[in-house]
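Please read the structure below before turning to the comments.
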Amino acid sequence: MEIGILTLHILIAISLLIFERDQWSEWKNRTRPFWKYFPLTGLIFFVISFLVSDRSISTIIMDVTLATLRLIVMVSVMTIYTLKSSSQDVITAFRSIWFKMNLNYRWVEDLLLFFDMTVRFFPTFKEEWRQLERSQKALSISISESFLKKVIQVAQFVPDFIILNLNKSESITRVMEMRGYGKSIPRSVYPFIKFTFFDMTLALLIPIILIGVHSIG
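Quick note: the sequence shown uses UniProt numbering, first residue 1, plus one each step.
Structure follows, in structure tokens:
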């Protein structure tokens, strides 16, 4: 039954890839780093299972294969999702639902704001790091090919980079406080995404179906 459910997931993932074939090139670029780690994680899983369990080698190989396939399917489907949907839209949807509920829990508001700001400013953070790498190349600063030496080189720049971004976050916080943001709970959201009864039904029905299918396996 477990293999049958996994096969169903694989077929769904393949169908999504075929349906979104115009995104193949971007999908390959985003998933390429993961393909280096799938064999490594499988090998680690095999070694640990072989050392600490009394199962046969054939059983361990089967478990490793199934686990690796699950990872491949999960990464493939989530990559397709991220290509078709913005993370910012997901946060806005959650904030819209919370605002509609009209509950006065500041810690939930702060948590949603944290994820919102993280998703909003992470691309800027990543671009600044790339600019730092490009500036090192422009200054003819050689980057070692050794993984360990590369980690040591990068670690030297991390503290200053973090402090620089902490100063930026403090500036953003001061600006938000000066504008009176967050004094009223629940905080409003723009654009507000209106959810209908049909949307709520699907949001409840789909997890129930998924849990039911996996509980059978």
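C-beta atoms are modelled at their ideal positions from N, C-alpha and C, and glycine is treated no differently. The structure presented is a predicted model; accordingly, all values stated were derived computationally and were not measured.
Identity of the residue in the options nearest residue i by Cα
| i | options | result |
| --- | --- | --- |
| residue 118 | 166, 20 and 5 | 166 |
| residue 90 | 77, 103, 112 and 100 | 112 |
| residue 121 | 187, 8, 169 and 66 | 169 |
| residue 31 | 197, 77 and 192 | 77 |
| residue 128 | 157, 101 and 103 | 157 |
Whole-angstrom C-beta distance between residue j and residue i, which should lie under 8 Å
| i | j | result |
| --- | --- | --- |
| residue 75 | residue 46 | The pair is not a contact, with the Cβ atoms about 20 Å apart (cut-off 8 Å). |
| residue 92 | residue 189 | 6 Å |
| residue 116 | residue 134 | About 29 Å separates the two Cβ atoms, so there is no contact after all. |
| residue 80 | residue 27 | 7 Å |
| residue 13 | residue 73 | 5 Å |
| residue 71 | residue 6 | Wrong, their Cβ atoms sit about 11 Å apart, outside the cutoff. |
| residue 161 | residue 132 | 7 Å |
| residue 153 | residue 83 | So it is not a contact: roughly 32 Å between Cβ atoms. |
Residues near residue i in its chain [Cβ-Cβ closer than 8 Å; skip 5 each side]
| i | result |
| --- | --- |
| residue 109 | 98, 182, 185, 186 and 187 |
| residue 49 | 55, 60, 63 and 64 |
Neighbourhood of residue i by C-beta, 6 Å cutoff - its chain only, sequence neighbours within 5 removed
| i | result |
| --- | --- |
| residue 55 | none |
Limits of the unbroken alpha helix (DSSP H) element including residue i
| i | result |
| --- | --- |
| residue 136 | 106-138 |
| residue 70 | 57-84 |
| residue 31 | 24-52 |
Cut-off 7 Å between Cβ atoms - residues of its own chain near residue i, not counting five sequence neighbours on either side
| i | result |
| --- | --- |
| residue 38 | 68, 71 and 72 |
| residue 106 | 185 |
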